[in-house]
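Asker: Please read through the structure below; I'll follow up with questions.
Protein chains: 2
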Amino acid sequence: MTAYQIIKDAIITGKYQQGKRLTEEELAEQLHVSRTPIREAIKQLESEGLIIPFRKRGVIVREFTETDIRQIYNLRALLESYATGEAAIQRNEEEIFQMEQGNHDYEQAIRLLNNPTLGDIESIQQKNQSFHSKVFAAAHNEHVMNHIERVVVVPLIFRAFYWYSEKQLIQSIEAHKTILQAIKDRESDRAKAAMHEHIYLGRDHVLKHIGEKKLTAEF
Amino acid sequence: MTAYQIIKDAIITGKYQQGKRLTEEELAEQLHVSRTPIREAIKQLESEGLIIPFRKRGVIVREFTETDIRQIYNLRALLESYATGEAAIQRNEEEIFQMEQGNHDYEQAIRLLNNPTLGDIESIQQKNQSFHSKVFAAAHNEHVMNHIERVVVVPLIFRAFYWYSEKQLIQSIEAHKTILQAIKDRESDRAKAAMHEHIYLGRDHVLKHIGEKKLTAEF
DNA sequence: TTTTTCAATACTGTATACAATATAATGAAA
DNA sequence: TTTCATTATATTGTATACAGTATTGAAAAA
Chain Z
123 MTAYQIIKDA
133 IITGKYQQGK
143 RLTEEELAEQ
153 LHVSRTPIRE
163 AIKQLESEGL
173 IIPFRKRGVI
183 VREFTETDIR
193 QIYNLRALLE
203 SYATGEAAIQ
213 RNEEEIFQME
223 QGNHDYEQAI
233 RLLNNPTLGD
243 IESIQQKNQS
253 FHSKVFAAAH
263 NEHVMNHIER
273 VVVVPLIFRA
283 FYWYSEKQLI
293 QSIEAHKTIL
303 QAIKDRESDR
313 AKAAMHEHIY
323 LGRDHVLKHI
333 GEKKLTAEF
Chain R
123 MTAYQIIKDA
133 IITGKYQQGK
143 RLTEEELAEQ
153 LHVSRTPIRE
163 AIKQLESEGL
173 IIPFRKRGVI
183 VREFTETDIR
193 QIYNLRALLE
203 SYATGEAAIQ
213 RNEEEIFQME
223 QGNHDYEQAI
233 RLLNNPTLGD
243 IESIQQKNQS
253 FHSKVFAAAH
263 NEHVMNHIER
273 VVVVPLIFRA
283 FYWYSEKQLI
293 QSIEAHKTIL
303 QAIKDRESDR
313 AKAAMHEHIY
323 LGRDHVLKHI
333 GEKKLTAEF
């Protein structure tokens, strides 16, 4: 694990809470490395928008407002739906197989769920992302892919899965199946629209819950 | 000027040609700085996709194929048209004024053009970008803005403005005016579509000319 | 008390030396 | 002559010292 990954994880999981100030020296000591790799990590995280400079005295972990979250999800919807539409045109049989497998894994993980732990949630989240990635890969468009990967990962949002009811999780499997079928049928517009809607459902789910329960580190 | 900006400019202007290999030490010597700021610059340029690692022995300036150019312009069209549609909804009077001023400056620069030098072309290009930026600013969406800023860099390498005829330049002023009017009228879809088309014209212009005259550093 | 000036300090920014490592070159074995 | 193992070398990765600078705090002036 690089310093970059460690710090990023600490932010995403909420170990470094929003608004927390970080200095190079402090991080270097915590991770038992020199300031050099820490500086590198900070620069990168800054460019990703996860931290922001704090008047030449280190950085602070960025706080995301409801507006930020809405804008980020809308951007995701824009990019991912575009890529999905392209995937419906460019995909080959091998990629169809990969996507089917990806969604199968996702479905399995959900069906086996019972009294989920934080680790289970993370695993589900990861399998969901893996399915999405397989869809984008089928678009054969490196540039769109890069932009999708750069869309800000909002801290603590992985917990959205924690808030899903069993019914909602099963609906998300169905959404994946709809997307996949449209891609198989080369119905580009339909695949695109289905992905768009799928992400909007996720967005609204998150927005509904951040109101109820503020995103904090306590779990 | 930071090391980052110097190297980036050298790539955009073609001083460092596509395929050229660069090492930290070499760059450090050329720019009369130590390897530290060079490393920082390289990391950033790598993340922007302008250079790619060359088997742990420095980096090479990335080469872009016709497919890359098409994909990048399509992505630009997607993001910029989205932002333009949002701008038509979110804009305020001050921003309208800024956009008008921006396009006025662009028009002036073109009308005064006569036997243009490379500097003139660069100035026009910059004024065009300035107008576009003012449109995106009116969208009040930092996240989309960040993505747009990342996608407009590569097209700079291909110097679209160098090949524009006077007639085409005047057409681009008109396109800006159409976009601006739609934003003023809060006609979101129309503004979006006009921007989309404007960028597609730019794309096709570039694609047409990369075949004719190879893009080299001699200028 | 409020504002201004100045010094202290808490940092970041840069240079440099050295460690680690992948690649290239060399020579030995097949 | 080709393949494999070994050494040399080019180059990145990391630690560290010191330079530079904005911010803070303290003292002096208003």
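Chains as they are written, first to last, in the working numbering: chain Z, 123 to 341; chain R, 123 to 341. We treat Cβ as the ideally placed atom computed from N, Cα and C, and that holds for glycine.
Go ahead and pull the three-state DSSP assignment for L144/R.
Answerer: Three-state result, L144/R: strand.
Asker: Return helix, strand or coil for V275/Z, following the three-state DSSP convention.
Answerer: Note: V275/Z maps to coil in three-state DSSP.
Asker: Thinking C-beta only, is A313/Z closer than 8 Å to I78/Z?
Answerer: No information on residue 78/Z is available, as it lies outside the stretch 123 to 341 that chain Z covers here.
Asker: Rounded to whole angstroms, what is the Cα-Cα separation between N196/R and L278/R?
Answerer: Straight-line Cα distance between these residues: approximately 15 Å.
Asker: State yes or no: is the beta carbon of H269/Z nearer than 8 Å to at least one beta carbon in chain R?
Answerer: So yes, H269/Z belongs to the interface.
Asker: Classify E208/R as buried or exposed, calling it buried when 16 or more other Cβ atoms lie within 10 Å of its own Cβ.
Answerer: So E208/R ends up on the buried side.
Asker: Do A231/R and S245/R have their C-beta atoms within less than 8 Å of each other?
Answerer: Yes, these two residues count as a Cβ contact at 8 Å.
Asker: Here's a check: name, in chain order, each residue in its chain whose Cβ is nearer than 7 Å to the Cβ of N263/R, leaving out the five neighbours to either side.
Answerer: Cβ within range, chain order: A205, E208.
Asker: Based on Cα-Cα distance, which residue from R143/Z, W285/Z, Q193/Z lies nearest to K178/Z?
Answerer: Residue R143/Z is the option with its Cα nearest to K178/Z.
Asker: In this structure, does DSSP put V266/R in helix, strand or coil?
Answerer: Looking at V266/R - three-state DSSP - the assignment turns out to be helix.
Asker: Would you report the Cα separation of F219/R and K137/Z, rounded to the nearest angstrom?
Answerer: One C-alpha to the other measures close to 45 Å.
Asker: Helix, strand or coil: which one does DSSP assign to I134/R?
Answerer: Looking at I134/R - three-state DSSP - the assignment turns out to be helix.
Asker: Which of the residues in the region 164-179 of chain R, read from start to end, lie with their CB under 8 Å from any CB of chain Z?
Answerer: Within the region 164-179 of chain R, the qualifying residues are K165, Q166, S169, G171.
Asker: Go ahead and label P175/R buried or exposed: buried means 16 or more other beta carbons lie within 10 angstroms of its beta carbon, across all protein chains shown.
Answerer: When all chains shown are included, P175/R counts as exposed.
Asker: Could you give the C-beta distance for R192/Z and L329/Z, rounded to a whole number, given that I count them as a contact under 8 Å?
Answerer: Contact holds; Cβ gap of about 7 Å.
Asker: So what does DSSP say about V181/Z, is it helix, strand or coil?
Answerer: Strand.
Asker: Using three-state DSSP, classify P159/R as helix, strand or coil.
Answerer: In this structure, P159/R counts as helix in the three-state DSSP scheme.
Asker: Kindly indicate if chain R contains any beta-carbon less than 8 Å away from that of N263/Z.
Answerer: Yes, because at least one Cβ of chain R sits closer than 8 Å to the Cβ of N263/Z.
Asker: Rounded to the nearest angstrom, what separates M267/R and D190/Z at their Cα positions?
Answerer: Distance between the alpha carbons of M267/R and D190/Z: 12 Å.
Asker: Residues in its own chain within less than 8 Å of E147/Z by CB, not counting five upstream and five downstream?
Answerer: Result list for E147/Z: R157, in chain order.
Asker: Among the candidates V155/R, P159/R, I164/R, D311/R, whose CA atom is the shortest distance from the CA of K130/R?
Answerer: For K130/R, the nearest C-alpha among the options comes from I164/R.
Asker: Kindly say whether E118/R, judged by its beta-carbon, lies nearer than 8 Å to any beta-carbon of chain Z.
Answerer: With chain R covering 123 to 341 only, the question about residue 118/R has no answer from this structure.
Asker: Taking C-alpha atoms, which residue in H265/R, R198/R, M221/R, T187/R lies nearest to T187/Z?
Answerer: Closest by alpha carbon: H265/R.
Asker: In chain order, which alpha helix (DSSP H) runs of at least 4 residues are fully inside the region 202-248 of chain Z?
Answerer: Taking only runs of at least 4 residues, the alpha helix (DSSP H) segments lying wholly in the region 202-248 of chain Z are 215-233.
Asker: Counting only the same chain and skipping the five closest in sequence on each side, list residues whose C-beta sits under 8 Å from that of T124/Z.
Answerer: Taken in chain order, the residues that qualify are P159, A163.
Asker: For N214/Z, count the other beta carbons within 10 Å of its own beta carbon; 16 or more makes it buried, fewer makes it exposed. Which is it?
Answerer: Burial call: exposed.
Asker: Quick one: is L302/R near chain Z, going by C-beta distance under 8 Å?
Answerer: No, no contact with chain Z.
Asker: Taking Cβ positions, are R272/R and E151/R nearer each other than 8 Å?
Answerer: Not in contact: R272/R and E151/R (Cβ atoms no closer than 8 Å).
Asker: When you compare the CB positions of S310/Z and A210/Z, do they come within less than 8 Å of one another, or not?
Answerer: Yes, the pair counts as a contact, with Cβ atoms nearer than the cut-off.
Asker: Measure the C-alpha to C-alpha separation of I270/Z and N237/R and round it to an integer number of angstroms.
Answerer: When rounded, the distance between both Cα atoms is 43 Å.
Asker: Can you tell me where the alpha helix (DSSP H) holding T124/R begins and where it ends?
Answerer: Here T124/R belongs to no alpha helix (DSSP H), and DSSP marks it neither H nor E.
Asker: Does the beta-carbon of H254/Z have 16 or more other beta-carbons within 10 angstroms, so that it is buried, or is it exposed?
Answerer: Counting Cβ neighbours within 10 Å, H254/Z comes out buried, since at least 16 surround it.
Asker: So, are the CB atoms of E168/Z and I321/Z less than 8 Å apart?
Answerer: Not closer than 8 Å, so no.
Asker: Please determine, among Y126/Z, T135/Z, V181/Z, L153/Z, the residue with the shortest C-alpha to C-alpha distance to T145/Z.
Answerer: Minimum Cα distance to T145/Z is reached at V181/Z.
Asker: Is there at least one Cβ from chain R nearer than 8 Å to K130/Z's Cβ?
Answerer: No, K130/Z does not count as interfacial toward chain R.
Asker: In terms of residue numbering, what span does the alpha helix (DSSP H) encompassing T300/Z cover?
Answerer: Its alpha helix (DSSP H) spans residues 288-306.
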